[in-house]
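Asks: Positions 26 to 533 (this note's numbering) are the ones given, in order, by the sequence shown. Don't be surprised by glycine CBs; every beta carbon is placed ideally from N, CA and C.
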Amino acid sequence: MSYSCTKTFFSRFCTDELKIEGNSYGSVFSSDILPSLGARINRSTKLGNYIISPFDPRYRAWEMLLVVLVVYSAWICPFEFAFLSYKQDALFIIDHIVNGFFALDIIMTFFLAYVDSRTYLLVHDHKKIAVRYLSTWFIFDVCSTAPLQSLSFLFTDHGGGIGFKALNMLRLWRLRRVSSLFARLEKDIRFNYFWTRCIKLVSVTLFAVHCAGCFYYMIADRYPNPRRTWIGADNPNFKQESVWKRYISSVYWSIVTLTTTGYGDLHAQNTTEMLFDIVYMLFNLGLTSYLIGNMTNLVVHGTSRTRNFRDTVRACTEFGARNQLPPRIQDQLLSHICLKFKTEGMKQQETLNELPRALRSNIAQHLFLPIVQKVQLFNGVSQNFLYQLVSEMEAEYFPPREDVVLQNEAPMDVYILVSGGADMLTHSGHHQVVVKVLPGDTFGEIGVLCDRPQPLTVRTTELSQILRLKRSTLLSIIQANPADGQIIMSNLFLVIFRFNKNIGLTTI
């Protein structure tokens with residue numbers, strides 16, 4: 026089971042498809058291929074011979090392999106530059122293997138289709154792909170992949186010349202792949218945005234600490250007088266220590282400088298170290314601002330809903346007290362605010378309103394049609410009439426003890442109870458329960474269709490989901506479908522007859 030979960034997790038990195046109940050929705054998270062206005066595009070365009078699609082899961086897997094190798098390069102380049110006077114045999118072989126993978130990627134890029142930034146069309150012409158690559162990143166990719174360390178053996182015995190080591194740092198150009206990966210993951214809703222950003226910020230911090238630590242040691246290692254260095258002042262024979270102990274000491278001083286929590290045990294001893302400290306601390310000002318700004322934005326974004334809710338509750342409480350509203354109305358007011366806070370995260374109606382009308386109609390038919398078909402008021406009407414009704418309905422939530430309809434108010438809407446429960450009440454000196462409303466029942470239709478004030482108050486008894494249909498919309502649909510309108514009026518008379526029979530009233 027753990028293997029299956031691991032496989033599913035890593036497969037998210039290699040595909041842009043969202044799968045819901047076995048159905049795949051391709052390229053919903055990628056840099057999607059969009060046509061310009063009026064342009065035509067075939068999303069299933071057949072690629073030419075030997076052309077690689079940038080959205081192919083196999084190429085995505087290749088990119089993930091390269092990202093792992095980039096992480097290795099990002100760590101080993103500064104480490105070799107500072108701590109290794111010559112490259113050890115094992116690292117020499119590993120670096121050549123890694124360079125081989127990136128050399129292969131350079132060749133593959135000449136066959137990789139790309140999305141044009143102006144037209145958003147997938148370009149798969151060999152010539153255009155080659156011209157674009159040669160005029161952009163080709164030179165940088167070659168310089169970051171060339172075996173410069175091997176070339177240095179032609180000039181020095183151990184390949185440890187400072188100039189060639191500095192050129193070897195060009196491999197850090199590969200870090201742009203990690204930046205592209207994070208940019209893609211941040212837009213992918215299958216990955217938590219908060220944790221993706223946190224991992225990115227932590228990675229940036231660790232890389233900065235690692236590089237600064239390596240440069241700190243390199244300055245001390247190459248200074249003529251070892252005793253007048255930050256590490257030599259405390260341990261004159263530091264070069265005799267193991268490479269890992271020296272590395273840990275360097276990272277320690279780097280991170281206490283970054284966090285400005287130094288204890289005075291280590292400090293700059295010469296002018297070169299002081300100059301580097303000045304540059305590093307100026308860099309830390311920008312890095313710290315970047316980290317604090319991003320973390321503040323993430324935290325504020327996560328708590329803004331709660332803060333707004335508390336402010337709204339406080340404002341409603343003050344409003345009720347200032348206007349001396351009865352306790353029952355104040356309770357309804359706060360219940361409504363609390364329910365709105367619980368349901369606004371779903372953003373159901375907002376999501377529907379942003380969709381095209383045809384898609385909204387399809388969703389409404391899927392959600393509401395089975396319920397509306399069972400309503401007695403619409404028994405016997407045509408299917409086309411029902412389709413028109415459900416396309417105009419809106420779902421709302423009501424907390425317990427909230428009045429949905431008030432007695433004698435002007436008729437505005439027709440309601441269908443989907444879930445929960447409600448009571449119909451009459452005002453005769455005190456509230457009296459006339460009849461209970463069950464899921465599938467309607468209310469408000471008598472006032473709307475008979476064009477008279479609402480005869481009863483309807484108050485929820487528990488959390489209820491209710492479909493609402495505007496009076497003007499219902500009358501317009503009935504006017505456009507006169508045969509169905511006659512059926513509805515016949516059903517209404519039956520509803521009124523049974524209603525009066527059950528409650529013993531003759532006034533409706």
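1) On the DSSP bridge assignment, give the partners of I77 in chain order.
2) Put M449 into one of helix, strand or coil per three-state DSSP.
3) How big is the Cα-Cα spacing for F163 and I131?
4) From this set, V140, H361 and G472, which residue's C-alpha is nearest R157's C-alpha?
5) Return yes when the Cβ of T485 is within less than 8 Å of the Cβ of P535, no when it is not.
6) Whole angstroms are fine: how far does the CA of I521 sit from the CA of G469?
7) To the nearest angstrom, how far is it from the Cα of L147 to the Cα of S78?
8) So what does K461 bridge to, in DSSP terms?
9) What does the Cβ neighbour count give for F219, buried or exposed, with the cut at 16 atoms within 10 Å?
10) Are Q479 and T451 closer than 8 Å when you measure CB to CB?
11) In whole angstroms, what separates the C-alpha of C168 from that of R271?
12) Could you give the distance in angstroms between the alpha-carbon of L226 and the alpha-carbon of E88?
13) Taking the alpha-carbon positions, what's the A420 to F80 distance?
14) On the DSSP bridge assignment, give the partners of A420 in chain order.
15) Could you tell me which residues DSSP pairs with T486 in its beta bridges?
16) Does the count of Cβ pairs from the segment 504 to 512 and the segment 401 to 419 closer than 8 Å reach three?
17) Going by the CB atoms, is the gap between V397 and L414 shorter than 8 Å?
18) Starting from V400, follow the alpha helix (DSSP H) in both directions and report where the run begins and ends.
19) What span of residues does the alpha helix (DSSP H) with D542 cover, start to end?
20) Hey, L517 and L481: beta-carbon distance below 8 Å or not?
21) Ignoring anything shorter than 4 residues, give me the alpha helix (DSSP H) runs that lie fully in the segment 88 to 176, in order along the chain.
22) Three or more C-beta pairs closer than 8 Å, one from the segment 96 to 114 and one from the segment 210 to 219: is that the case here?
23) Using CA coordinates, which residue listed in S497, S314 and A293 is at the minimum distance from T230?
24) Mapping the DSSP letters down to three states, classify D438 as helix, strand or coil.
25) Compute the Euclidean distance between the alpha carbons of L310 and G188, then round it to the nearest angstrom.
26) According to DSSP, D428 sits in a beta bridge with which residue or residues?
27) Can you tell me whether T467 is helix, strand or coil according to DSSP?
28) Cβ atoms of S279 and Y248: under 8 Å apart, would you say?
29) Does the Cβ-Cβ distance between A107 and M243 come in under 8 Å?
30) Can you tell me whether P103 is buried or exposed, with buried defined as 16 or more other CB within 10 angstroms of its CB?
31) Are there three or more Cβ pairs, one per stretch, closer than 8 Å when the segment 332 to 343 is compared with the segment 358 to 367?
32) Would you call the CB atoms of R201 and F127 closer than 8 Å?
33) How many Å lie between E549 and G446 at the Cα?
34) Within 10 angstroms of the Cβ of M449, are there 16 or more other Cβ atoms? Answer buried if so, exposed if not.
35) Between which two residues does the alpha helix (DSSP H) containing T254 stretch?
Replies: Concretely, from the data shown:
1) Its beta-bridge partners are L137.
2) Looking at M449 - three-state DSSP - the assignment turns out to be strand.
3) Separation of F163 and I131 (C-alpha to C-alpha, rounded to the nearest whole angstrom) is 8 Å.
4) Of V140, H361 and G472, the smallest CA-CA separation from R157 is found for V140.
5) No information on residue 535 is available, as it lies outside the stretch 26 to 533 that the chain covers here.
6) The C-alpha of G469 lies about 12 Å from the C-alpha of I521.
7) Their Cα atoms are separated by approximately 9 Å.
8) D448, per the DSSP bridge assignment.
9) Exposed: under 16 other Cβ atoms inside 10 Å.
10) The Cβ-Cβ distance between Q479 and T451 does not fall below 8 Å.
11) About 30 Å.
12) The alpha-carbon separation between L226 and E88 amounts to approximately 21 Å.
13) Just so you know, the alpha carbons of A420 and F80 end up roughly 38 Å apart.
14) The partner list for A420 (beta bridge, DSSP) reads L492.
15) Paired residue(s): none; T486 is not in a bridge.
16) Yes: at least three Cβ pairs fall under 8 Å.
17) The answer is yes: Cβ separation under 8 Å.
18) For V400, there is no enclosing alpha helix (DSSP H), since its DSSP letter is neither H nor E.
19) The first residue shown for the chain is 26 and the last is 533, placing residue 542 beyond what the model contains.
20) No, these two residues do not count as a Cβ contact at 8 Å.
21) Within the segment 88 to 176, the complete alpha helix (DSSP H) runs of at least 4 residues are 114 to 134, 151 to 159 and 163 to 170.
22) Because the criterion of three Cβ pairs below 8 Å is not met, the segment 96 to 114 and the segment 210 to 219 do not touch.
23) Put simply, of S497, S314 and A293 the residue whose alpha carbon is nearest the alpha carbon of T230 is S314.
24) Residue state for D438 is assigned as strand, using DSSP reduced to three classes.
25) A straight line joining the alpha-carbon of L310 with that of G188 spans about 30 Å.
26) The partner list for D428 (beta bridge, DSSP) reads R484.
27) Strand.
28) Against a cut-off of 8 Å, the Cβ pair of S279 and Y248 comes out as no contact.
29) In this structure, M243 lies closer than 8 Å to A107 by Cβ.
30) By the C-beta density criterion, P103 is buried, having at least 16 other C-beta atoms within 10 angstroms.
31) Yes, they touch.
32) Cβ atoms of R201 and F127: not closer than 8 Å.
33) Outside the displayed span of the chain (26 to 533) sits residue 549, for which this structure offers no information.
34) Answer is buried; the Cβ neighbour count reaches 16.
35) Careful: T254 lies outside any alpha helix (DSSP H) and carries neither H nor E.
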